[in-house]
Amino acid sequence: MTKKEAAKRIAQLRKTINYYSYQYHVLDKLDISAAAWDSLKHELKQLEDAFPDLITPDSPTRRVSGQPLDKFIKVSHKERMLSLEDAFSPEETAAWQERIQKLVSASAKSAASNPRDKLDYFAELKIDGFAISLVYKDGLFAVGSTRGDGRTGEDVTQNLKTIESIPLKLEIRNGWPNDNIKKKVEALVKKGEIEIRGEVYMTKSAFKKVNREREKEGRPLYANPRNTAAGGIRQLDPKIAADRQLNFLAYDIVSDLGQKTHREKHQIARALGFKTDIGGYCRNLDEVIAFWERVEKKREKIPFQIDGLVVQVNSDNLFKKLGVVGKTPRGAIAFKFRPAETTTVVEDIIVQVGRTGALTPVAKLRPVKIGGVVVTRATLHNEDEIKRLDVRIGDTVLIQRAGDVIPDIVGAIKKMRTGKEKKFVMPKNCPICGGQVVRSEGEAVHRCVNKKCAVIQKRQINHFASRKAFDIDGLGPKIVAQLMNEGMISKSSDIFTLQEGDLIPLERFDQKSAKNLINAVKESRRITLSKFIYALGIRHVGEETAINLANYFSRLEKIKKAKLDDLLKVKDTGEIVAKSVREWFNDKSNQKLLADLVENGVEIEKQKTVKRKLAGKTFVLTGQLEEFTRDQVKDRIRRLGGDVSSSVSPETDFVVAGAEPGSKYDRAKKLGVKIIGEKEFKEMTR
Ligand code: IVH
1 MTKKEAAKRI
11 AQLRKTINYY
21 SYQYHVLDKL
31 DISAAAWDSL
41 KHELKQLEDA
51 FPDLITPDSP
61 TRRVSGQPLD
71 KFIKVSHKER
81 MLSLEDAFSP
91 EETAAWQERI
101 QKLVSASAKS
111 AASNPRDKLD
121 YFAELKIDGF
131 AISLVYKDGL
141 FAVGSTRGDG
151 RTGEDVTQNL
161 KTIESIPLKL
171 EIRNGWPNDN
181 IKKKVEALVK
191 KGEIEIRGEV
201 YMTKSAFKKV
211 NREREKEGRP
221 LYANPRNTAA
231 GGIRQLDPKI
241 AADRQLNFLA
251 YDIVSDLGQK
261 THREKHQIAR
271 ALGFKTDIGG
281 YCRNLDEVIA
291 FWERVEKKRE
301 KIPFQIDGLV
311 VQVNSDNLFK
321 KLGVVGKTPR
331 GAIAFKFRPA
341 ETTTVVEDII
351 VQVGRTGALT
361 PVAKLRPVKI
371 GGVVVTRATL
381 HNEDEIKRLD
391 VRIGDTVLIQ
401 RAGDVIPDIV
411 GAIKKMRTGK
421 EKKFVMPKNC
431 PICGGQVVRS
441 EGEAVHRCVN
451 KKCAVIQKRQ
461 INHFASRKAF
471 DIDGLGPKIV
481 AQLMNEGMIS
491 KSSDIFTLQE
501 GDLIPLERFD
511 QKSAKNLINA
521 VKESRRITLS
531 KFIYALGIRH
541 VGEETAINLA
551 NYFSRLEKIK
561 KAKLDDLLKV
571 KDTGEIVAKS
581 VREWFNDKSN
591 QKLLADLVEN
601 GVEIEKQKTV
611 KRKLAGKTFV
621 LTGQLEEFTR
631 DQVKDRIRRL
641 GGDVSSSVSP
651 ETDFVVAGAE
661 PGSKYDRAKK
671 LGVKIIGEKE
681 FKEMTR
């Protein structure tokens with residue numbers, strides 16, 4: 001991307017993010033998903049990282065989010081309520097560790113370093129809720145407040161009192177990290193102040209229940225648990241908060257109670273009667289990543305919404321020493337799960353012709369990672385669906401991968417439009433055969449009226465991938481039919497555009513088989529000229545003719561240009577074959593296919609001109625060979641200019657006999673034809 005392009009995209013992203021930001025932080029509503037919004041912010045951050053001189057002080061990436069509303073009393077926080085930097089992959093988390101490791105070793109060289117400050121972590125669930133600070137005076141819940149802008153929040157004590165998991169009075173229970181801490185806390189509970197922070201949230205089941213009731217009452221439904229929880233807390237009437245059945249999980253202790261690690265903070269919070277966030281101590285980053293993988297897998301089963309882990313250095317001392325940049329502490333990070341939703345750009349909308357002649361519009365996407373795999377296309381199903389979604393070429397779209405199904409375009413982000421987007425029009429002619437395209441009454445799909453079109457195409461692709469042609473392992477007729485049905489391929493050249501991420505969601509595929517097929521496709525790309533010609537499926541051009549053509553012309557360019565007379569000079573090529581070849585190469589759609597194949601990375605090896613030392617010799621094969629397959633033997637003979645015949649006659653020069661030869665062997669003996677074994681054959685064709 002050029003700087004100019006980046007500047008344009010950045011401006012568009014900022015405008016869109018600011019719009020949603022106001023909705024989210026000030027009005028507590030969001031009409032795109034949090035994941036889509038995150039994804040836009042992430043893109044902006046990455047562009048700004050790549051072009052730092054495009055950063056402006058008013059960019060949403062520089063903003064301290066949230067503003068207190070006037071309707072509540074303001075509370076200033078003793079210690080700032082910070083937010084977290086995001087990491088979206090194990091690699092980004094490793095980069096974070098590297099950054100802090102550098103700082104740790106730099107300070108170790110300079111001055112007093114604590115050898116216990118090794119990098120171990122505490123990782124816990126990142127709850128999709130609302131950050132809250134709770135201050136207890138003399139053991140009694142005194143003031144509860146929202147984060148606000150981090151320094152000043154709103155007093156929402158009355159509402160928080162409706163939450164049963166927030167103790168109104170601190171109790172000294174069991175499970176203290178040590179006696180010193182216990183004593184200190186006991187003293188502060190009698191006289192003094194303790195501040196605890198955590199997340200107010202709504203369980204998935206409470207959210208459903210509340211929405212069911214609203215549905216019964218005919219009132220509009222809430223969008224998601226997070227906003228419903230936040231909305232409940234920021235209402236002047238505590239009854240509303242109570243109705244929403246909110247919950248609280250503690251994850252931080254601000255007061256100095258003698259704790260040395262984050263783990264101890266959790267123990268203390270539990271010993272004081274709080275529910276604590278689910279998490280655990282990790283000896284190193286590998287353990288963090290393993291925990292992240294485990295949680296992501298069972299994410300759906302967790303009773304509340306989470307969007308990742310919060311990971312922080314376990315040592316409290318080190319956490320403090322690492323300090324704060326802007327509004328985020330260096331010692332902690334939000335390790336987000338791979339989003340099941342993300343945004344990308346529709347680069348084009350192409351039309352694929354399925355096995356039954358149905359035309360499926362498919363969006364070609366700017367490659368994007370979703371659920372851990374790269375995706376480059378999404379089906380748009382049919383014309384009506386495109387109209388419903390109002391997706392245009394050039395649009396920024398939200399795509400979603402629910403479970404293990406094919407990614408779907410959820411909709412266009414219209415705020416991102418520049419006016420240059422193009423509407424899609426269904427072609428009037430079939431992109432494969434040029435046949436007429438019709439949409440029958442009452443049907444959603446357009447079809448190519450040429451009944452043979454799709455059948456021919458399918459046969460063609462099968463032939464193309466077969467053993468004697470491109471020899472693509474794993475791309476048999478069943479898979480070809482499936483890929484055609486899904487709109488993934490409709491002509492041979494499409495095979496080379498497939499990506500792992502496009503296959504994984506399909507039935508019959510998993511990560512491993514998708515990878516295998518993509519590898520097989522990659523490996524098949526280099527091909528000899530003769531096999532390439534054979535693969536094209538030109539009428540009357542079988543394996544043998546393809547070899548003869550390749551031997552004679554040695555380059556595809558020459559065959560493309562060959563006149564009928566030239567073609568007639570090729571061994572065993574008569575009028576019919578020559579005409580068929582000429583016609584094939586004259587056809588516009590075939591020329592396009594050749595161009596696409598080259599563009600998609602097919603490389604034709606120059607046909608080796610070998611000494612044709614078997615020219616004029618005819619071979620017959622019989623019995624089982626040890627080292628070669630029959631096809632390999634035939635290939636060798638033909639490459640050296642010989643012929644293979646299926647029956648023995650006085651014209652036969654050699655019979656190659658393996659184990660348990662059949663009647664051909666006896667006949668050769670009778671006719672006095674020379675019989676050779678595998679070894680001799682090898683010598684002869686070396
Ligand atoms: S620790 C230094 N732990 O995520 C900030 N935050 O992006 C300390 N959150 O404002 C936050 N679960 O609302 C922490 N287990 C958890 C969390 C958590 C959710 C939220 C919290 C915070 C935001 C930071």
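If you use full-length UniProt numbering, the sequence shown corresponds to residues 1 to 686, in order.
All C-beta atoms in this analysis are idealised placements derived from N, C-alpha and C, irrespective of residue type, glycine included.
What you are looking at is a predicted structure, and each value in this text was computed from that prediction instead of being measured.
* To do: Give the secondary structure of Asn211 by DSSP, where H, G and I count as helix, E and B as strand, and everything else as coil.
  => helix
* To do: Out of Val570, Leu597 and Lys561, point me to the one whose CA is closest to Asn586's CA.
  => Lys561
* DSSP state of Ile73 mapped onto helix, strand, coil -> coil
* For Thr622, which of Gly677, Leu594, Lys579 and Arg639 has the nearest alpha-carbon? -> Gly677
* Shortest alpha-carbon distance to Lys613 belongs to which of Gly542, Gln624, Lys579 and Thr685? -> Thr685
* Asked: Can you tell me whether DSSP reads Leu365 as helix, strand or coil?
  -> strand
* Asked: Taking the Cβ atom as the reference point for each residue, do Ala454 and Gly357 lie within a distance shorter than 7 Å?
  -> yes
* Asked: Which of the three DSSP states, helix, strand or coil, is assigned to Ala332?
  -> strand
* Can Ser39 be considered in contact with the ligand IVH, in the sense that its beta carbon sits closer than 6 Å to one or more heavy atoms? -> no
* Give the DSSP-derived three-state secondary structure of Glu124 in the structure shown. => strand
* Asked: Does Gly323 have its Cβ less than 7 Å from a Cβ in chain B?
  -> This model lacks chain B altogether; it includes just one protein chain.
* Asked: DSSP three-state call for Leu318: helix, strand or coil?
  -> helix
* Asked: Relative to the ligand IVH, is the shortest distance from any of its heavy atoms to the C-beta of Ala131 smaller than 6 Å?
  -> yes
* To do: Answer yes if the stretch 495–512 comes into contact with the stretch 592–607, meaning at least three C-beta pairs across the two stretches below 8 Å, and no otherwise.
  => yes
* To do: Give the straight-line distance between the Cα atoms of Ile675 and Glu660, rounded to the nearest whole angstrom.
  => 14 Å
* Asked: Out of Val353, Lys3, Glu85 and Lys4, which has the shortest C-alpha to C-alpha gap to His42?
  -> Glu85
* Near the ligand IVH: Leu246 beta-carbon under 6 Å from a heavy atom -> no
* State the Cα-Cα distance for the pair Asp408 and Thr396, rounded to the nearest angstrom. => 14 Å
* Quick one: is the Cβ of Asp277 within less than 6 Å of any heavy atom of the ligand IVH? -> yes
* Which of the three DSSP states, helix, strand or coil, is assigned to Ala469? -> coil
* Asked: Which residue from Phe72, Thr328, Val210 and Glu193 puts its Cα closest to that of Thr157?
  -> Phe72
* **Beta carbon of Leu82 nearer than 7 Å to that of Leu40** => no
* Among residues of its own chain, excluding the 5 on either side of Arg552, which ones have a beta-carbon nearer than 6 Å to its beta-carbon? -> In the sequence under discussion, the amino acid at residue 552 is Tyr, which differs from the Arg named in the question. So the qualifying residues of the chain are Val570.
* Asked: If you scan the stretch 512–568 from start to end, which runs of the beta strand (DSSP E) of 3 or more residues do you find wholly inside it?
  -> 526–528
* To do: Measure the CB-CB distance between Trp96 and Ile333 and report whether it falls below 7 Å.
  => yes
* To do: Please determine if the stretch 242–261 and the stretch 197–212 are in contact, where contact requires at least 3 C-beta pairs separated by less than 8 Å.
  => yes
* Asked: Given residue 693, which residues of its chain have a CB within under 8 Å of its CB, disregarding the five upstream and five downstream residues?
  -> This structure gives no information on residue 693, because the portion of the chain shown stretches from 1 to 686.
* Since Arg459 sits in a beta bridge, which residues does DSSP pair it with? -> According to DSSP, Arg459 bridges with nothing at all.
* To do: Measure the C-alpha to C-alpha separation of Gly641 and Val581 and round it to an integer number of angstroms.
  => 21 Å
* To do: Compute every distance between the C-beta of Ile127 and the non-hydrogen atoms of the ligand IVH, then say whether any falls below 6 Å.
  => yes
* Nearest-angstrom Cα separation, counted from Gln482 out to Leu475 -> 10 Å
* Asked: Looking at the unbroken alpha helix (DSSP H) that takes in Gly231, where does it start and where does it end?
  -> Pro225 to Ile233
* Helix, strand or coil at Arg116 according to DSSP, with G and I counted as helix -> Annotation note: pLDDT 44 at Arg116 (below 50); position unreliable, coordinate value reported separately. Coil at Arg116, not helix or strand.
* May I ask you to list the residues that DSSP assigns as paired with Phe248? => Val200
* To do: Closer than 7 Å by C-beta to Ser165: which residues in its own chain qualify, once you throw out the five before and the five after it? Chain order, please.
  => Asn247, Phe248 and Lys275
* Environment of Thr376 [buried if 16+ CB atoms lie within 10 Å] -> buried
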